[in-house]
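Engineer: Below: one structure in structure tokens.
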């Protein structure tokens, strides 16, 4: 199934290299955002945003606009909606569920009006990275640079608001504004991910690598570096592995991502067990 | 001449037709330790919110280090109640303290990281939390977390320190350790301390003045001038007896008055009681 000669040959093609570049950029953005998404417990929000990116992309497909712009519009609108409506922790979960299902329904309806290639429709859901054209790539890179620069500007207060909201508010951090800005950044990144791994599987790049990193380190910096590495391995590795078998990229991306997560959980488990045993040895006999 | 860290003039706070307090004049001096006491629902937390600029006064004026509340928060140190932190929270003690230093600033903080590390290490050293500062905060005990909270609040060299029940759910040894650290700061650096608490006794020896809020009434004064049977009976409009036992203050009397020694988990119950 994994024919190295064929893989090597395919790697020489322009469209494959474009795909690798796109995946590399997306892996970087996803890895940078991931730890904050995990700390803010936004996995479900990412999923909801991705479904609305799908709706936007389906709309774009129908009216004949670049799919990337449609996905971007859908995801940013979704992010703002979730940010505004889901302000209260108790509401957030259900608000996402409500918006997600409605958006997905609209997207499905839009697709039935589209008479183009079926592969395009399916691609929105599970990704079709090899179909990325140079125009999409330009959008992807510009959007990624915007996200990374914006993230760098708000990084410290955003981290503060994410992990220690009570004190952050007391110290004058504008937590509500940051919530909205971050939601938009996540929306942009999600929209980019939709084109590569598809809206159903974008969580595998946005959340899973960071969740794995959070298992093995409590340092925000280390977690970010690890999340970027994990996301790159999953995104690039997924493309390379998918070449020879000719199967969907997203299947391999999600599989690698999941494997990394499992390994990180195992590492954390072994380490904690070791710690408990040594702590029990060192502790005096309880009275 | 240093400006007053906290200054409230004729402060009024009301929600709808319920007035929490009115005519509140309060000026906290640099280095002063002010304890804010009172039953739940008396407006202690709301007072903190006003001072942090999160809640507007219904009347009167308030200044924090000479500025409008909300515009000087970077000069405020804040110690919250100890709360259970998630076990998997992506945060170590050093990160928690570091956020207290510059978490409110824009940017990534990669420049000047050496200076930052030094100041964070100093602050952690000062509270004696070095042994566990690199562990995930979610795995620390409540007492260890509160020590780090003190370092987090002090690392930015604040002019004023707001403490919202920082001793809650700590054992006596940690209560003492944390209050000593706060007291040392105000003596050494002249930081004003506004300490909201249910229990006065753990900090009684440090307290300069008490602000006691009850049902829209309040008294400000030295502990002995406020914490006596006559004053508290007036405040609660019920017979309250204040007993001094071994340097501690105990309050006996109408059930609603026994706020000092009420265990915290009874608060909601007590609150219901008082509003009836």
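Residue numbers (UniProt numbering), protein chains in the order written: chain A, 1 to 287; chain B, 1 to 276. From the three backbone atoms N, C-alpha and C, an ideal C-beta is built for every residue, glycine too.
#1: Short of 7 Å in beta carbon distance, which residues of its chain neighbour residue 96/A, apart from the five on each side in sequence? Order them along the chain.
#2: How is residue 292/A classed by DSSP in three states: helix, strand or coil?
#3: Buried or exposed: which applies to residue 123/B, given that a residue is buried once 16 or more other Cβ atoms fall within 10 Å of its Cβ?
#4: Please state whether the Cβ-Cβ distance between residue 92/B and residue 135/B is less than 8 Å.
#5: Over what stretch of residues does the alpha helix (DSSP H) that includes residue 221/A continue unbroken?
#6: Check the Cβ-Cβ distances between residue 44/A and every residue of chain B, and say whether any is below 8 Å.
#7: Note down, in chain order, each residue of its chain lying with its Cβ closer than 7 Å to the Cβ of residue 97/B, except the 5 sequence neighbours on either side.
#8: Quick one, which residues of the segment 211-235 of chain A are near chain B if we go by CB-CB under 7 Å, in chain order?
#9: Can you check which of these residues, 116/B, 207/B, 109/B and 138/B, is closest to residue 33/B by C-alpha distance?
#10: Can you list, in chain order, the residues of its chain with a C-beta nearer than 6 Å to that of residue 192/B? Leave out the 5 residues immediately preceding and following it.
#11: Please classify residue 217/A: does DSSP put it in a helix, a strand, or coil?
#12: Of all the options 88/A, 21/A, 108/A and 114/A, which has the alpha carbon lying nearest to the alpha carbon of residue 64/A?
#13: With distances taken Cα to Cα, identify the nearest neighbour of residue 8/B among 78/B, 48/B and 205/B.
#14: Going by C-alpha distance, which of 224/A, 142/A, 93/A and 216/A is nearest residue 262/A?
#15: With 8 Å set as the bound, which would you pick, yes or no: does the beta-carbon of residue 76/B sit closer than that to a beta-carbon of chain A?
#16: Quick test of the definition: if touching needs 3 or more C-beta pairs under 8 Å, does the segment 238-250 of chain B touch the segment 79-93 of chain B?
#17: Using a Cβ-Cβ cut-off of 8 Å, state whether residue 261/A counts as contacting chain B.
#18: Does any residue of chain B bring its CB to less than 8 Å from the CB of residue 73/A?
#19: If we count the other Cβ atoms within 10 Å of its Cβ and call it buried at 16 or more, is residue 186/B buried or exposed?
#20: Assuming contact is defined by CB atoms lying nearer than 8 Å, are residue 228/A and residue 28/A in contact in what I supplied?
#21: Determine the extent of the beta strand (DSSP E) in which residue 167/A is found, giving its start and end residues.
#22: To the nearest angstrom, how far is it from the Cα of residue 138/B to the Cα of residue 172/B?
#23: Between the Cα of residue 52/A and the Cα atoms of 6/A, 100/A and 38/A, which residue gives the shortest distance?
#24: Hey, which unbroken runs of the alpha helix (DSSP H) at 4 residues or more fall wholly within the segment 195-262 of chain B?
#25: Which of helix, strand or coil does DSSP assign to residue 306/A?
#26: Cβ of residue 283/A less than 8 Å from any chain B Cβ?
#27: So for residue 12/B, helix, strand or coil by DSSP?
#28: Any Cβ of chain A within less than 8 Å of the Cβ of residue 106/B?
#29: With a cut-off of 8 Å, do at least 3 Cβ pairs link the segment 180-193 of chain A to the segment 135-153 of chain A?
#30: Who are the Cβ neighbours of residue 268/B in its own chain at under 6 Å, not counting the five residues just before and after it?
#31: From the DSSP output, which residues share a beta bridge with residue 136/B?
#32: List the residues of chain B that residue 154/A touches, going by C-beta distances under 7 Å, in chain order.
#33: Taking residue 59/B as part of the beta strand (DSSP E), name the residues at either end of that continuous run.
#34: In chain order, what residues of the same chain have a beta carbon less than 8 Å from the beta carbon of residue 243/B, not counting five sequence neighbours either side?
#35: Kindly say whether residue 178/A, judged by its beta-carbon, lies nearer than 8 Å to any beta-carbon of chain B.
#36: Closest by CA to residue 13/B, which one among 216/B, 225/B, 220/B and 239/B?
Structural biologist: Taking the definition as stated:
#1: 44, 45, 48, 82 and 86
#2: Any answer about residue 292/A is impossible in this case: the structure gives chain A only from 1 up to 287.
#3: buried
#4: yes
#5: 220-243
#6: no
#7: 120, 123, 124, 148, 151, 152 and 155
#8: 214, 218, 219, 220 and 223
#9: 207/B
#10: 5, 28, 30, 32 and 160
#11: coil
#12: 114/A
#13: 48/B
#14: 216/A
#15: yes
#16: no
#17: no
#18: no
#19: buried
#20: yes
#21: Note, residue 167/A: premise wrong, no beta strand (DSSP E); alpha helix (DSSP H) at 165-170.
#22: 22 Å
#23: 100/A
#24: 223-226 and 229-236
#25: An answer regarding residue 306/A cannot be provided, because it is not within the stretch 1 to 287 covered by chain A.
#26: In this predicted model, residue 283/A has a pLDDT of only 45, less than 50, meaning its place in the structure is not dependable; the value taken from the coordinates is given anyway. Judged by the 8 Å Cβ criterion, residue 283/A is not in contact with chain B.
#27: strand
#28: yes
#29: yes
#30: With a pLDDT of 38 at residue 268/B, under the threshold of 50, the predicted position of this residue should be treated as unreliable, though the coordinate-derived value follows. Contacts found: none.
#31: 92/B
#32: 106
#33: 59-64
#34: 249, 250, 251 and 252
#35: no
#36: 216/B
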